[in-house]
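Residue numbers (the working numbering), protein chains in the order written: chain L, 620 to 925; chain R, 620 to 925. Worksheet for the structure shown next.
2 protein chains.
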Amino acid sequence: MVVLLTGGTGGAKLVLGFHEETAPEDLVVVCNTGDDSLVHGLHVSPDVDTIVYTLAGLIDPAKGWGIRDDTFTVLDQLRRLGNETWFQLGDRDIATHLTRTRLLAEGQPLSRVTAALCGELGVRSTVLPMSDQRVETRLSTSEGELSFQEYFVKARWQPDVLSLRYRGIEDSRPSPGLLEAIHDAVLVVVCPSNPATSIGPVLAVPGVREALRGTPAKVAAVSPMVGGRSFSGPAHKLMATLGVEASAAGLAAAYRDFADVLVIDAEDRELQPAVEQFGVDVRATSIRMDTLADKKRLARELLRLV
Amino acid sequence: MVVLLTGGTGGAKLVLGFHEETAPEDLVVVCNTGDDSLVHGLHVSPDVDTIVYTLAGLIDPAKGWGIRDDTFTVLDQLRRLGNETWFQLGDRDIATHLTRTRLLAEGQPLSRVTAALCGELGVRSTVLPMSDQRVETRLSTSEGELSFQEYFVKARWQPDVLSLRYRGIEDSRPSPGLLEAIHDAVLVVVCPSNPATSIGPVLAVPGVREALRGTPAKVAAVSPMVGGRSFSGPAHKLMATLGVEASAAGLAAAYRDFADVLVIDAEDRELQPAVEQFGVDVRATSIRMDTLADKKRLARELLRLV
C-alpha cells in the first residue's frame, strides 16, 4: 500500500502518476481540508475535489481544478442575484458540493461522504480527508486576516503573509483509517504541495506526524519548488511561516523528523549537502510534471525507493 | 392597492394579468409557502418562485414553473451522484435557491429574502410569503403521509387523499405588512389556485382570515374549476378535505365568511343560485386563461368590481 499526503493542483499531478503506475486499490490519498470553505452555503472541499476528480478522470486539465467542460450557468445567475462570485464553481461541480453539504447536514462525517462520492464516480483508490473535524487555515496578512481561499483566489496571493494558523486543529482527529494506513504502508509520499498551507495542516492533525515518524514505511517527500521558487502558487512565499528558508534545504529542515528521502530537482543538485545535513537522503531528478509521462516517471522513481 | 392571494401555476396567470393591467407598485401578491421543501438541502419555495419569475418576466411559459430556457446540468450530475432527482431544478433556478438558503441560514426572514430577490430581478410589485415561519402541508394519503411535493410531483397526484394539515400553522404569523395590506386594499382577490393546498394554508395563518372578514376592501375569489373539474392539478380532488363539494358552490361554502363575490365560469352559470345561497354574489364570465389577453381581460373584470 502507498499513502500519498497531498493538497490540490501540484500534488494531484503526482497522485495521477501513482494512479497510473500502481493498482488503484493500493493507493490511499490523504487530502488537506484546511482550505475547505462555505461558498454560497455549500461545503466546498477544494483539495478533496481536485483529487477525486483527478482519480475519476473528470478533472479539467487546463485549470487543474473543477470538472472538464463544465458550464457556469449557476454562477452567472448567482452574480445576477447580487452574490460575490470570485470563487469559481462550475455547474457539475456544484452537484458535488450540494451532495456533500446535504450529507454533512444529515450528520455523516466528511470521510464517509468522500467515500460515497468516490463510489458514485467509480474511484477505486481510497481518498481520505485529513480529518472529519473542521480545520481552517487562517492567514494573517498585510491586508488583514484571510482564509486561504480569500488569500489565494480573491487576493491572488499578493498580500504579504505574516503568519498562519490552522484554526480548530487542536480538536481535530485523523480520519478513520488514516493512522493505520500510514503504519501499514510500504511507502508514504509527501506530494509536491505547499508545505505551509497544504501539507502543513495534514501534518498538524494530532497523531499524524507521530505516525509518520513511527511507521516502518519508507517516507519520501517531493519538493514543490526549484531554484527557490514554486512550480506554481505561493509555496515559496509561505515557507517563512514555517520558520525555514524557501529551498530544498528549508524543506528538509521542515520534514527532517519523519522524512527518509527528499526528492529534489536535478537543477537543485548543489543543495544536496544542505539537505543531507538534516539527516535526510537526497534523490535529485527531474521533478517537473508537465506531461502524463512526467507524472508516471516520477511515480515510478518513487516506487523504486522500496 | 390590490392584494392577490395565490399559489403557483394557476394563480400566477391571474397575477400576470393584474401586473399588466395595474401599476406594478400597487400590487401585493401573497404566496402560499406550505409547499416549501428542502431539496438537496436547498430551501425551495415553489409558489414564491413561480410568482417572482412571472413578475420578473423569467417564467417558463410552457411549464408554468422555473426559468425560461433554463438548463439542467446540476440536476443531471446530481442524478449521476446517486441523488433522487424527481424534483426538477434548473441551473438558474438553483441560483435562486442557493441565495435564499444562504440568506435564511444567516438569519434573514423569508419575507426579507424574497424582497431582496425581487429587488435583484427588477420586480416592482410586493411579493409576500404568507409567513416567515415554516408551515408544511402534509397529506394523509392511501400511500402514507406525504409532503405536497411528494404527492404532487413524485406521485403525480394519484394517491387518494384522506385528509391534510398545515404543520406548524399554529405557530406561524402573517408576514410583516400582510394584514395591513389586506386592510388598506381596495380589492383583495383570491386567485384560482387550489383551495386546499394553495389558498388553504394562506387562510389558515392566524389573523389572515379575520383580516379578510374585517377589511373594507371588496373581496373576490376566482374559481379554479369548471364543471366540477380543475383547469389543472388536483384542486377538485382535494376539495373534500375542506368538507365541501368540488364545485363553485363548494367554493362559496368554503369562502363565504369573507368573500363578497365569487367569479365562476360562464359554463357554470346554472350554479349561481347554489353560490348565492351562501350569501356570496356571483359573476359568471370566461375564467379560462390560456392567453395573455385572457389573463388581462379577467384582471380588468375584477378591477371593474371596485
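Glycine residues also receive a C-beta, built at the ideal position from the N, C-alpha and C atoms.
Please check the pair Gln-707(R) and Arg-711(L), which I expect to be a contact at CB under 8 Å, by giving their CB distance rounded to whole angstroms. Contact doesn't hold; Cβ gap of about 17 Å is too wide.
Buried versus exposed, by CB contacts within 10 Å (16 or more), Ser-730(R): buried
Pick out whichever of Leu-922(L), Leu-635(L) and Thr-745(L) has its Cα sitting closest to the Cα of Pro-795(L). Thr-745(L)
Nearest CA to the CA of Pro-835(L): which residue from Leu-890(L), Val-925(L) and Trp-776(L)? Val-925(L)
Which chain R residues sit within Cβ distance under 8 Å of Asp-668(L)? Simply none; closest approach about 12 Å.
Within 7 Å of chain L by C-beta, residues of the segment 681 to 697 of chain R in sequence order: Thr-690, Thr-692, Val-693, Gln-696 and Leu-697
Under 7 Å by beta carbon: chain L residues contacting Thr-720(R): Gly-660
Drop a sphere of 10 angstroms on the beta-carbon of Thr-910(L), count the other beta-carbons inside from all chains shown, and report buried for 16 or more, exposed for fewer. With fewer than 16 Cβ atoms within 10 Å of its Cβ, Thr-910(L) is classed as exposed.
Residue of Arg-721(L), Gly-630(L), Leu-677(L) and Glu-886(L) minimising C-alpha distance to His-659(R): Arg-721(L)
Evaluate Pro-643(L) with the Cβ neighbour count: other Cβ atoms within 10 Å of its Cβ, from every protein chain shown; 16 or more gives buried, anything less gives exposed. exposed
Quick check: the segment 741 to 755 of chain L against the segment 723 to 739 of chain R, are there 3 or more CB pairs under 8 Å? no
Alpha-carbon spacing of Ser-866(L) relative to Ala-872(L), whole angstroms: If I take the Cα positions, the gap works out to 10 Å.
Can the beta-carbon of Arg-784(L) be found closer than 8 Å to that of Arg-753(L)? no
What does the Cβ neighbour count give for Arg-719(R), buried or exposed, with the cut at 16 atoms within 10 Å? buried
Spell out a yes or no on whether the segment 805 to 812 of chain R and the segment 841 to 859 of chain R are touching, meaning 3 or more CB-CB pairs, one atom from each, closer than 8 Å. yes
Residues in the same chain with beta-carbon distance under 8 Å from Arg-792(L), minus the five sequence neighbours each way, listed in chain order, please. For Arg-792(L), where only same-chain residues beyond five positions count, the Cβ hits under 8 Å are Ser-750, Asp-751, Gln-752, Val-824, Pro-825 and Gly-826.
Does chain R have any CB closer than 8 Å to the CB of Leu-806(L)? no
In its own chain, which residues sit with a C-beta less than 8 Å from the C-beta of Glu-639(R), not counting the 5 before and 5 after it? Once the five neighbours on either side are set aside, the close Cβ partners of Glu-639(R) are Leu-911, Lys-914, Lys-915 and Ala-918.
Find out if the Cβ-Cβ distance for the pair Gly-630(L), Ser-817(L) is shorter than 8 Å. Their beta carbons are under 8 Å apart, which means Gly-630(L) touches Ser-817(L) by this criterion.
By the 10 Å Cβ neighbour count, where 16 or more other Cβ atoms means buried, how is Leu-624(R) classified, buried or exposed? buried
Taking Cβ to Cβ, would you say Leu-633(L) is nearer than 8 Å to Met-908(L)? yes
For the putative contact between Ala-868(L) and Ala-885(L), defined by C-beta atoms under 8 Å, what is the C-beta separation to the nearest angstrom? Not confirmed; about 16 Å, so no contact.
Less than 8 Å between CB atoms is the rule here; does Ile-788(L) satisfy it with respect to chain R? So no, Ile-788(L) is outside the interface.
First and last residue of the alpha helix (DSSP H) that includes Val-863(L)? Judged by DSSP secondary structure, Val-863(L) falls outside any alpha helix (DSSP H); it is assigned neither H nor E.
If you draw a straight line from the alpha carbon of Ser-759(L) to that of Gly-653(L), how long is it in whole angstroms? Inter-residue distance for Ser-759(L) and Gly-653(L) is about 15 Å (C-alpha atoms, whole angstroms).
Contact criterion: CB-CB distance below 8 Å. Does Asn-926(R) meet it with respect to chain L? Summary: the structure shown does not reach residue 926(R), with chain R confined to residues 620 through 925, and so no result is reported for it.
In whole angstroms, give me the CA-to-CA distance for Val-845(L) and Pro-820(L). 23 Å
Between the CA atoms of Val-899(R) and Val-880(R) - distance to the nearest angstrom: In this structure, the CA atom of Val-880(R) is about 5 Å from the CA atom of Val-899(R).
Might you give, ordered along the chain, the residues of its own chain that have their beta carbon closer than 6 Å to the beta carbon of Val-622(L), omitting 5 neighbours on each side? Only residues of its own chain outside the window of five on either side were considered, and among them Val-647, Ala-800, Ile-801, Ala-804 and Val-807 have a CB closer than 6 Å to the CB of Val-622(L), listed in chain order.
For the alpha helix (DSSP H) that contains Ala-918(L), what are its first and last residues? 911 to 922
DSSP bridge partner residues for Tyr-785(L) (one or two, in chain order): Thr-756(L)
Under a CB-based cut-off of 8 Å, is Thr-628(R) close to chain L? no
Taking the alpha-carbon of Val-780(R) as reference, which of Val-894(R), Glu-703(R), Arg-923(R) and Ala-854(R) has the nearest alpha-carbon? With distances taken between Cα atoms, Val-780(R) lies closest to Ala-854(R).
Neighbour-count burial assignment, Phe-738(R), 16 or more Cβ in a 10 Å radius: Residue identity check: residue 738(R) is Gly in the sequence provided, not Phe. It counts as exposed.
By the criterion of Cβ-Cβ separation under 8 Å, what are the contact partners of Leu-917(R) in chain L? Simply none; closest approach about 32 Å.
Say whether chain L places a C-beta atom closer than 8 Å to the C-beta of Ile-713(R). Using a Cβ-Cβ cut-off of 8 Å, Ile-713(R) counts as an interface residue toward chain L, since at least one Cβ of chain L sits closer than that to its own.
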